[in-house]
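Heads up, the thing below is written out as structure tokens.
Number of protein chains: 2
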Amino acid sequence: MSSRCNLRFLIPGLALLLGGVPSVLAVWPQPQQIRNSAERYSLSARAFLFKHADVSAVRSGCDVLDQAFTRYFTLIFPESGGGGTGDTGAADPFTVEVNVAEGPCDGYPAEGSIENYKLTVSPGQAVLTSVTVWGALRGLESLSQLVEQDDYGAYYINKTEIEDFPRFQFRGLLLDTSRHYLPLQAILKTLDAMAYSKLNVFHWHIVDDPSFPYQSRKYPDLSKKGAYHPFTHIYTQTDVRRVIEHARLRGIRVLAEFDSPGHTQSWGNGQPSLLTPCYRGDVPSGTYGPVNPILDSTYVFMANLLKEVTSVFPDSYIHLGGDEVDFSCWKSNPDIKAFMKKMGFGSDFTKLESFYIPRYVVEVWKWGCYLCEDTVLEIWKGLPEEYQKELSRITKAGHRVLLSAPWYINHISYGQDWRNSYTVQPQNFSGTEEQKKLVIGGEVCMWGEYVDATNLSPRLWPRACAAAERLWSDEVQTSSVDQAFPRLTDFRCRLLRRGIQAEPLYVGHCKNEYQGI
Amino acid sequence: MSSRCNLRFLIPGLALLLGGVPSVLAVWPQPQQIRNSAERYSLSARAFLFKHADVSAVRSGCDVLDQAFTRYFTLIFPESGGGGTGDTGAADPFTVEVNVAEGPCDGYPAEGSIENYKLTVSPGQAVLTSVTVWGALRGLESLSQLVEQDDYGAYYINKTEIEDFPRFQFRGLLLDTSRHYLPLQAILKTLDAMAYSKLNVFHWHIVDDPSFPYQSRKYPDLSKKGAYHPFTHIYTQTDVRRVIEHARLRGIRVLAEFDSPGHTQSWGNGQPSLLTPCYRGDVPSGTYGPVNPILDSTYVFMANLLKEVTSVFPDSYIHLGGDEVDFSCWKSNPDIKAFMKKMGFGSDFTKLESFYIPRYVVEVWKWGCYLCEDTVLEIWKGLPEEYQKELSRITKAGHRVLLSAPWYINHISYGQDWRNSYTVQPQNFSGTEEQKKLVIGGEVCMWGEYVDATNLSPRLWPRACAAAERLWSDEVQTSSVDQAFPRLTDFRCRLLRRGIQAEPLYVGHCKNEYQGI
């Protein structure tokens, strides 16, 4: 234990001016406030335990924390063989005391969940205080990133004080399991890595044109006839429950998306007459278009499906898509043309789309359709000039908004493109302070046209970490992408140690390389 | 066994005109000539054996073939649990008879090795004829790709006749183990996948600026001080021998590259005074530049190192690099300036480089230096207009040439960029037929700035397969990239089945997905 006590009040970003502690600032994403010093304390896996503070609203039996203690013990001491919380009855164990102000413990993370935490590391103990169990998870993650090993392999942790909270409450990651099926393990591993970066919403774009892997209870033919394979390329109800629970234990919301009326080709396989038959002149062409908006059966089906989906997925939101609807098939269909005439829509098919889209759609507000106050819109298109205009426009109309346009990391390119993600400024647009508060967060998207389990992990990590920091950390403190580089390089090596197949940022090495298996 | 016998004489590329056999043409790369028919024969792992023809120049005890029989048995029958050649004494086994015209068996594949083979599949047997064991390996690979399983899981093979040989003799793949260390397993797995695509030269860019992982017998300090880590990030002599042998058994040459005088920063760590000290005015700046060409000790060292390297690597060629030499450090050094004056080089540092570069360098011929007749030059720079001009220029001067410029597949981009590799035309430049014959092949390069074992395999495969076919197959027969697409899609699924972490080309699925582990 070092007796040298150069207490250093760090404003991250000015660290280099103050000198002193040589180690790179270890936590990713950057906490809002972190002070540490060169003073450090040895840690032993045999004398380390987690405990609930006497005043905590949460105790043993809270599975979110029980599971987290086990998980973080192994993450902190990877060589300790896993399991247990280290309480071997040793005298003077290093104690991590966790004090949660409010239960419950058995609920789900939600919009507005308070993820604040305070973490103090001092001789022989760490004290973690939070409002909710979700904040405690964030604090445990930070704690696990403060533990280092010296050249001799000995574990230690520096004297540290952290006060932290996320800049944005919605920090999402989208996976697409329709363009390619993703095995369950790939999804679970992604959730693990999300938790390491404090991402808190898993946007599951579960079905789309090419395949329908979601095994519906009410409409089993949807996956039976719409999945790539009815047994090997589906998500059973059990699989879905596993994903939801694995996410919950990591404080991650699962936002399921059932995109319609476009992006539904595969739905038609198991639900005949759902999709609009396209016409060539007077004759059906044999192909199908978007969901048919003029049949009552359509709405019976959609309502039933959504009723099931909302019962299966506990989050209070479902994403309904509504994007990229190709009007040409609707235009070609005589019944639809007649309907348009009857309804007085003229030739404006956006009106037909608005007729279809339920009032709680989440979509790009480019069609000018009516939306409820509590709708959240996702901005997914466009270059900076374009999406900044959209941000202005949508927030001016009083709607809450999510940004994903600059974070389509399925768009790969040669070189350090993580820097493009990192330098995004989500609130840089013309608007009042009130407007800027309507930006509730964003998400990094990994669309699946060219992605499956063979390349998902190296394509996601560590590139998605850039957006993760942009969404959590203070923008002024994390304005330098060059200062982020060494931190992200280290964080990437940590991800490797944790079994995440994260690709390199640039030339170099990690102590423990990925061996490939 | 089907009795229907629609014998079909296929010119690949016209297959669709003839109709008949519905299956996609299975072999990648496309053989020069292949005819198959709908007639097919069942195969059983319990009644399948390889044997040497009575007249073969090669028999049991030839390890290249013994090992290949074992390997291909498992590739053909993946569910059979591995090992053995299937000779269970069953009556009427399907026999693969191998007839090699010339030994030896215990040699190494070399420039000019004859890889031709003929393969005939008829009832109860396949006959494989080749000139060398290397040709036999190519034939076994094709045979393994002809075996399919029907919907019931039963193995079969169609009546087939193949006459095949490579268009180009040099079909290489470059790996860079200096920018990132690649674990031995990653290299061996790459060799496996190369063999599946009939690539036959492993260009091992083993050392460079950032690290020196090659553990030299004579100069152990090179890796001790130049590797990322002297134990965990090196290739021992044993590792190198494993790579060479693993390659040899697959008919792959190992072309080691020790690039100099540039690209040598890491050499200076373990070999002080090798590199040129750079100057700022009259004072050494503390940094170092290319190898110092004016010291005798440099040439003693280089000669010794290369003597060792040529004894370790059995191929008759070593790649000596010689690319991207930055003259600014040489310019700044007073001793070198004096030397230039003494030698009458003026201020032309290309003359100094020519003074340095041994007569058997392999490099881009842009410096106009003198080269021996038997030097082979590698064209690695430039857009098509540029490299086509280089091809004209170099072949006009009578030099043999390799093309890699359009195949830097470390340059990733969004979408199906394999198509860019596939549509390269290596002999499309202004020149005589004689000149065009001087194009002896090319190589696909995976430089390592952004690549290590976490992303090597999905970035290599199946994108490298495009160049593999361009280098093996007839260009007219493989002129349609759209026809290649379904074949490469199938081949990619086959690679997955064989345990290669090959990424998808586009939306879809394979029966067996990569599970991630």
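Chains A and B supply the protein sequences, listed in that same order.
Counting in the working numbering, the first sequence runs from 1 upward without gaps.
Counting in the working numbering, the second sequence runs from 1001 upward without gaps.
Glycine residues also receive a C-beta, built at the ideal position from the N, C-alpha and C atoms.
Worksheet entry | Other residues of its chain near Gly1382/B: CB distance less than 7 Å, five sequence neighbours each side excluded | So the qualifying residues of the chain are Glu1390 and Ala1405.
Worksheet item: Which value, in whole angstroms, describes the spacing of the CA atoms of His233/A and Pro213/A?
Response: When the Cα atoms are used, His233/A and Pro213/A turn out to be separated by approximately 6 Å.
Discussion item. What would DSSP say about Leu1275/B, mapped onto helix, strand or coil?
Written reply: strand
Worksheet item: With a cut-off of 8 Å, do at least 3 Cβ pairs link the region 1222-1239 of chain B to the region 1494-1507 of chain B?
Response: no
Worksheet entry | Assumed close pair Arg400/A, Ile440/A - CB separation to whole angstroms, cut-off 8 Å | 5 Å
Practice prompt. Could you work out which residue in Leu1049/B, Ser1056/B, Gln1271/B and Phe1349/B is closest to Asp1221/B when comparing CA atoms only?
Written response: Gln1271/B
Item to complete: Could you please give the first and the last residue of the uninterrupted alpha helix (DSSP H) stretch that includes Pro1384/B?
Response: Pro1384 to Lys1396
Worksheet entry | For Cys278/A, the nearest candidate out of Ser211/A, Lys511/A, Gly415/A and Cys329/A (CA to CA) | The candidate whose alpha carbon is nearest that of Cys278/A is Cys329/A.
Worksheet item: Tell me which same chain residues have a C-beta within less than 8 Å of the C-beta of Lys1051/B, skipping the five on either side of it?
Response: Thr1095, Val1096, Glu1097 and Val1098.
Worksheet entry | Secondary structure of Tyr414/A, DSSP reduced to three states | coil
Worksheet item: In terms of DSSP beta bridges, what is Phe1048/B paired with?
Response: Phe1094/B
Worksheet item: So, Arg167/A versus Trp407/A, is the Cβ gap smaller than 8 Å?
Response: no
Worksheet item: Does Asp1326/B have its Cβ less than 8 Å from a Cβ in chain A?
Response: no
Worksheet item: Under a CB-based cut-off of 8 Å, is Val1507/B close to chain A?
Response: yes
Fill in: Contacting positions in the region 1439-1457 of chain B - beta carbon closer than 9 Å to chain A
Gly1448, Glu1449, Tyr1450, Val1451, Asp1452, Ala1453, Thr1454, Asn1455, Leu1456 and Ser1457
Worksheet item: Which residue's Cα is closest to the Cα of Ala186/A: Val312/A, Leu460/A, Cys105/A and Ser37/A?
Response: Leu460/A
Worksheet entry | Per-residue contacts from Gln1501/B into chain A (C-beta, under 7 Å) | When 7 Å is used as the limit between beta carbons, Gln1501/B is near these residues of chain A: Thr454, in chain order.
Item to complete: Kindly indicate which residue of Asp1054/B, Phe1077/B, Tyr1108/B and Ser1042/B has the alpha-carbon position closest to the one of Asp1063/B.
Response: Closest option to Asp1063/B, Cα to Cα, is Tyr1108/B.
Discussion item. Using 8 Å as the threshold, is the C-beta distance between Val283/A and Thr264/A below it?
Written reply: no
Worksheet item: From what residue to what residue does the alpha helix (DSSP H) around Cys493/A run?
Response: Val481 to Arg497
Practice prompt. Give me the Cα-Cα distance between Val131/A and Gln169/A, rounded to the nearest whole angstrom.
Written response: 15 Å
Discussion item. Taking the alpha-carbon of Val1201/B as reference, which of Gln1125/B, Phe1048/B, Gly1442/B and Ser1273/B has the nearest alpha-carbon?
Written reply: Gly1442/B
Discussion item. Quick check: Ile412/A and Ile1114/B, are their CB atoms within less than 8 Å of each other?
Written reply: no
Practice prompt. Express the C-alpha separation of Phe339/A and Tyr299/A in angstroms, rounding to a whole number.
Written response: 16 Å
Fill in: C-alpha distance - Ala467/A paired with Met446/A, whole-angstrom precision
Straight-line measurement puts the Cα of Met446/A at about 12 Å from the Cα of Ala467/A.
Item to complete: Determine, using beta carbons only, whether His246/A comes closer than 8 Å to chain B.
Response: Any Cβ of chain B closer than 8 Å to the Cβ of His246/A would place that residue at the interface, and such an atom is absent.
Worksheet item: In the structure shown, what three-state DSSP assignment does Thr160/A receive?
Response: strand
Discussion item. With three or more C-beta pairs closer than 8 Å as the rule, is the region 188-205 of chain A touching the region 451-465 of chain A?
Written reply: yes
Fill in: Under 8 Å from the C-beta of Glu1513/B: neighbouring residues of chain A
Tyr181, Pro183, Thr232, His233, Asp452 and Ala453
Discussion item. Check whether the region 412-429 of chain A and the region 152-160 of chain A touch, using three or more Cβ-Cβ pairs below 8 Å as the test.
Written reply: no
Worksheet item: If we cut at 8 Å on Cβ distances, does Gly1516/B have a partner in chain A?
Response: yes
Worksheet item: How would you call Met302/A, buried or exposed, if buried means at least 16 neighbouring beta carbons within 10 angstroms?
Response: buried
Discussion item. Just to confirm the assignment: which complete alpha helix (DSSP H) runs, minimum length 4, are found wholly within the region 1401-1473 of chain B?
Written reply: Taken in chain order, the whole alpha helix (DSSP H) runs of length 4 or more contained in the region 1401-1473 of chain B are 1418-1422, 1433-1437, 1456-1460 and 1463-1472.
Fill in: Cβ of Tyr1196/B within 8 Å of any chain A Cβ
no
Item to complete: Out of Glu1245/B, Leu1377/B, Val1100/B and Arg1071/B, point me to the one whose CA is closest to Pro1314/B's CA.
Response: Glu1245/B
Item to complete: Give a yes or no on contact between the region 1243-1263 of chain B and the region 1318-1335 of chain B, applying the rule of three or more CB pairs nearer than 8 Å.
Response: Yes: the two stretches touch, three or more of their Cβ pairs being nearer than 8 Å.
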